[in-house]
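Right, one structure below, let's go through it.
Number of protein chains: 2
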Amino acid sequence: MGEAEHHAEYSSFDASLSKAEVLQQVIDSYESLVFEQQNWVCNLSNASSLIWHAYHSMNIPVNWSGFYLVDPKVSKQLILGPFQGKVACQTIGFGRGVCGTCYSTMETQLVPDVNEYPGHIACDGETQSEIVVPVISKGKNGEANVIRGVLDIDCLAKEGFDEVDKKFLELLAERIAETCEW
Amino acid sequence: MGEAEHHAEYSSFDASLSKAEVLQQVIDSYESLVFEQQNWVCNLSNASSLIWHAYHSMNIPVNWSGFYLVDPKVSKQLILGPFQGKVACQTIGFGRGVCGTCYSTMETQLVPDVNEYPGHIACDGETQSEIVVPVISKGKNGEANVIRGVLDIDCLAKEGFDEVDKKFLELLAERIAETCEW
């Protein structure tokens, strides 16, 4: 999209677009919104909104989109960050559930049916499928990568997400990691 | 409400409740959610969701609920915090628009028609009315009060908010100020 007259217009997606096109628009809009802005709370809040409205434009019944970040106070747990959707669990232990596993493995978790996921933590009993993508800052000058947290999206339908979501959400998470000051 | 089996249940409000009862439930649920949790990003994220679902349970067409905080990096401006709704303006100067005026005056701004508010900043051209409440930590031992930011709620209808909203949202903002580590 071009420059928006109102910020809310970034939440509009043309109904004729393919999923890949919608998710590319999310990435492009994110880039516009974080231009000269590195505040992670600000940027993750708008990213959650972009994702929510993108999926709803495609009639994919996403019921939660947001972030869990490494808790700055308590070791070995993630803490709730900005999101769209119903009230959510405040903290998740490293290695626990889909988000905690994504954190510990630093790998995207694509879960077509959360009922079949061992140790799934249900913040919302209506969630049927989920994708969780790690937000990783790449180490520069030989330093190790640092994981900041995870991007979590829940869906009311089974098999809500596929390899196309994984590809574009990983690209988005990469840009989020690089554009925010943590 | 009693203890929720799933956190998402905090987002449910009985349709038979009065506005005062719904907003009191928001405050009570907020207290439960922040028990032993002082992380402001976590707490404001869930507060935004509680508010959103509370107003929608009353069929009040709220199109945005969230926070702008004092920018820790750039002087004399507010920066976007956790919210529910469409993508929003990243920063607002102190004294500018409804949020900036709330910040500067440390007084709730109840705006029945944003089109008649001088200098209104439209993040969403569809917004018709707005209430903005300051989040103020009371100074202890004779110290001055400190304003952390503002709670902002937008509505698609004119006169979306009244003195009942003002009363309960000010109580909520007071509890938010006291229960978070800033």
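Residue numbers (full-length UniProt numbering), protein chains in the order written: chain A, 1 to 182; chain B, 1 to 182.
For each residue, glycine too, the CB sits at the ideal point set by N, CA and C.
Bear in mind the structure is a predicted one, so any value in this text is a computation, not a measurement.
### Message
On a Cα-Cα basis, can you pick out the residue from A/Val114, A/Ala54, A/Ile92, A/Asp165 that is closest to A/Lys158?
### Response
Sequence index remark: in the first sequence, residue 158 of chain A carries index 158 (1-based). Measuring from the Cα of A/Lys158, the nearest candidate turns out to be A/Val114.
### Task
Measure from the alpha carbon of B/Val74 to the alpha carbon of each residue in B/Asn59, B/Phe168, B/Leu172, B/Thr91, then state which is nearest.
Numbered from its first residue, the second sequence carries residue 74 of chain B at position 74. The shortest Cα separation from B/Val74 among B/Asn59, B/Phe168, B/Leu172, B/Thr91 belongs to B/Thr91.
### Query
CB residue 250 of chain A to CB A/Ile60, shorter than 8 angstroms?
Here chain A has residues from 1 to 182 only, and residue 250 of chain A is not among them.
### Task
Say whether chain A places a C-beta atom closer than 8 angstroms to the C-beta of B/Tyr10.
Taking the second sequence and counting its residues from 1, the one referred to as residue 10 of chain B is at position 10. So, interface residue.
### Query
Closer than 7 angstroms, Cβ to any Cβ of chain B: which residues of the region 88-122 of chain A, in chain order?
Closer than 7 angstroms at the C-beta level to chain B, one finds these residues of the region 88-122 of chain A: Ala88, Cys89, Gln90, Ala122.
### Query
Does DSSP put B/Ile176 in a helix, in a strand, or in coil?
Within the second sequence, the letter at position 176 stands for residue 176 of chain B. Helix, per DSSP.
### Task
Measure the alpha-carbon distance for A/Lys86 versus A/Asn145 and round it to whole angstroms.
Taking the first sequence and counting its residues from 1, one reaches residue 86 of chain A at position 86. Taking the first sequence and counting its residues from 1, one reaches residue 145 of chain A at position 145. Distance between the alpha carbons of A/Lys86 and A/Asn145 is about 32 angstroms.
### Query
Mind checking B/Pro118: buried by the 16 CB within 10 Å criterion, or exposed?
The count along the second sequence starts at 1 and reaches residue 118 of chain B at position 118. Burial call: exposed.
### Query
Is the region 23-40 of chain A close to the region 4-14 of chain A, with three or more CB pairs under 8 angstroms?
With a cut-off of 8 angstroms, the region 4-14 of chain A and the region 23-40 of chain A count as touching, because enough Cβ pairs lie within range.
### Message
Can you find the residues in the same chain that come closer than 8 angstroms, C-beta to C-beta, to B/Thr127, ignoring five residues on each side of it along the sequence?
### Response
Counting from one through the second sequence, the residue named residue 127 of chain B turns up at place 127. Closer than 8 angstroms at Cβ, skipping near neighbours: Asn63, Trp64, Val114, Asp154, Cys155, Leu156.
### Query
Taking just the CA atoms, how far does A/Gly149 sit from A/Leu110?
Position 110 of the first sequence, counted from the first residue, corresponds to residue 110 of chain A. Position 149 of the first sequence, counted from the first residue, corresponds to residue 149 of chain A. Each residue's Cα considered, the two are about 16 angstroms apart.
### Query
In three-state terms, what does DSSP make of A/Ser18?
Working through the first sequence from its first residue, we reach residue 18 of chain A at position 18. For A/Ser18, the three-state secondary structure derived from DSSP is coil.
### Query
Nearest-angstrom Cα distance between B/Glu178 and A/Ala20?
The residue you call residue 178 of chain B lines up with position 178 of the second sequence. The residue you call residue 20 of chain A lines up with position 20 of the first sequence. Going by the C-alpha atoms only, they are around 44 angstroms apart.
### Message
Please state the DSSP three-state secondary structure of A/Ser137.
### Response
Translated into positions along the first sequence, residue 137 of chain A becomes position 137. Here DSSP, grouped into helix, strand and coil, assigns A/Ser137 to strand.
### Task
Given a cut-off of 8 angstroms, decide if B/Gly66 and B/Phe83 are closer than it, judged by their beta-carbon atoms.
For the purposes of this step, residue 83 of chain B is taken as residue 83 along the second sequence, with counting starting at 1. For the purposes of this step, residue 66 of chain B is taken as residue 66 along the second sequence, with counting starting at 1. Yes, the Cβ-Cβ distance between B/Phe83 and B/Gly66 is below 8 angstroms.
### Message
Under 7 angstroms, CB to CB, which of the residues in the region 40-54 of chain A have a partner in chain B?
### Response
Cβ contacts with chain B come from Val41, Cys42, Ser45, Asn46, Ser49, Leu50, His53.
### Query
Thinking C-alpha only, which one of B/Thr105, B/Lys166, B/Ile136, B/Lys140 is nearest B/Glu130?
In the second sequence, residue 130 of chain B corresponds to position 130, counting from 1. With distances taken between CA atoms, B/Glu130 lies nearest to B/Lys166 out of B/Thr105, B/Lys166, B/Ile136, B/Lys140.
### Task
Report yes or no: is there a C-beta of chain B within less than 8 angstroms of the C-beta of A/Met1?
Taking the first residue of the first sequence as position 1, residue 1 of chain A is located at position 1. Annotation note: pLDDT 43 at A/Met1 (below 50); position unreliable, no value reported.
### Sheet register partners of A/Gly66 (DSSP bridge)
Within the first sequence, numbered from 1, the residue matching residue 66 of chain A stands at position 66. Paired residues: A/Phe83, A/Asp152.
### Query
Helix or strand or just coil, what does DSSP make of B/Gly125?
Walking along the second sequence from the start, residue 125 of chain B turns up at place 125. Taken through DSSP and simplified to helix, strand or coil, B/Gly125 comes out as coil.
### Task
Just grab the DSSP bridge partners of A/Ile60 for me.
Against the first sequence, residue 60 of chain A aligns to sequence position 60. Paired residue(s): none; A/Ile60 is not in a bridge.
### Query
Taking Cβ positions only, does A/Leu33 come closer than 8 angstroms to chain B?
Here residue 33 of chain A refers to the residue found at position 33 of the first sequence. Answer yes: the Cβ-Cβ gap between A/Leu33 and chain B drops below 8 angstroms somewhere.
### Message
Suppose contacts are defined by Cβ-Cβ distances below 8 angstroms. Is A/Ser45 in contact with B/Leu80 by that definition?
### Response
Here residue 45 of chain A corresponds to residue number 45 of the first sequence, with the count starting at 1. Here residue 80 of chain B corresponds to residue number 80 of the second sequence, with the count starting at 1. Yes, the pair counts as a contact, with Cβ atoms nearer than the cut-off.
### Query
Under 8 angstroms between C-beta atoms, does B/Leu80 make it to chain A?
Residue mapping note: residue 80 of chain B aligns to position 80 of the second sequence, counting from 1. With its beta carbon less than 8 angstroms from one in chain A, B/Leu80 belongs to the interface.
### Query
DSSP beta-bridge partners for B/Leu110?
Counting from one through the second sequence, the residue named residue 110 of chain B turns up at place 110. In the DSSP output, where bridge partners are listed per residue, B/Leu110 has B/Ile131.
### Query
With burial defined as no fewer than 16 other Cβ atoms inside 10 Å of the residue's Cβ, what is the status of B/Pro72: buried or exposed?
If you number the second sequence from 1, residue 72 of chain B lands on position 72. The residue is exposed, with fewer than 16 neighbouring Cβ atoms inside 10 Å.
### Query
Can you list, in chain order, the residues of its chain whose CB lies under 8 angstroms from that of A/Gly95, leaving out five sequence neighbours each side?
The residue you call residue 95 of chain A lines up with position 95 of the first sequence. Only Thr101, Tyr103, Ser104 meet the Cβ criterion.
### Query
Sorted by chain position, which residues of the same chain lie with C-beta nearer than 7 angstroms to B/Trp40's C-beta, five sequence neighbours on each side aside?
The sequence position of residue 40 of chain B within the second sequence is 40, counting from 1. Correct list, in chain order: Cys180, Glu181, Trp182.
### Query
What residues from chain A crowd round B/Gln37, counting only those whose CB sits closer than 7 angstroms?
Against the second sequence, residue 37 of chain B aligns to sequence position 37. Listed by position along chain A, the residues whose Cβ is nearer than 7 angstroms to that of B/Gln37 are Gln90.
### Query
Taking the C-alpha atoms as reference points, what is the distance between A/Val34 and B/Ser57?
The count along the first sequence starts at 1 and reaches residue 34 of chain A at position 34. The count along the second sequence starts at 1 and reaches residue 57 of chain B at position 57. For A/Val34 and B/Ser57, the gap between their C-alpha atoms comes out near 33 angstroms.
### Task
Under 9 angstroms between beta-carbons, which chain B residues line up against A/Lys73? List them in chain order, please.
Along the first sequence, read from residue 1 onward, the residue named residue 73 of chain A stands at position 73. Contact note: A/Lys73 reaches chain B through Gln38, Asn39, Glu181, using a C-beta cutoff of 9 angstroms and chain order.
### Query
According to DSSP, is B/Thr74 helix, strand or coil?
As a first step, residue 74 of chain B must be located in the second sequence, where it is residue number 74. Checking the displayed sequence, the identity of residue 74 of chain B turns out to be Val instead of Thr. When secondary structure is reduced to three states using DSSP, B/Val74 falls in the coil class, being assigned neither helix nor strand.
### Query
Can you tell me whether DSSP reads A/Asn115 as helix, strand or coil?
Walking along the first sequence from the start, residue 115 of chain A turns up at place 115. The answer is helix: DSSP assigns A/Asn115 an H, G or I state.
### Task
Within its chain, find whatever has a CB closer than 6 angstroms to the CB of A/Phe168; leave out the 5 residues flanking it on each side and keep chain order.
Along the first sequence, read from residue 1 onward, the residue named residue 168 of chain A stands at position 168. Residues Leu23 of the same chain have their beta carbon placed closer than 6 angstroms to that of A/Phe168, with the five preceding and five following residues left out of the count.
### Query
Exposed or buried, what is B/Ala15 when buried is set at 16 or more other beta-carbons lying within 10 Å of its beta-carbon?
Residue numbering aside, residue 15 of chain B sits at position 15 when the second sequence is read from its first letter. Looking at its Cβ environment, which holds fewer than 16 other Cβ atoms inside 10 Å, B/Ala15 is exposed.
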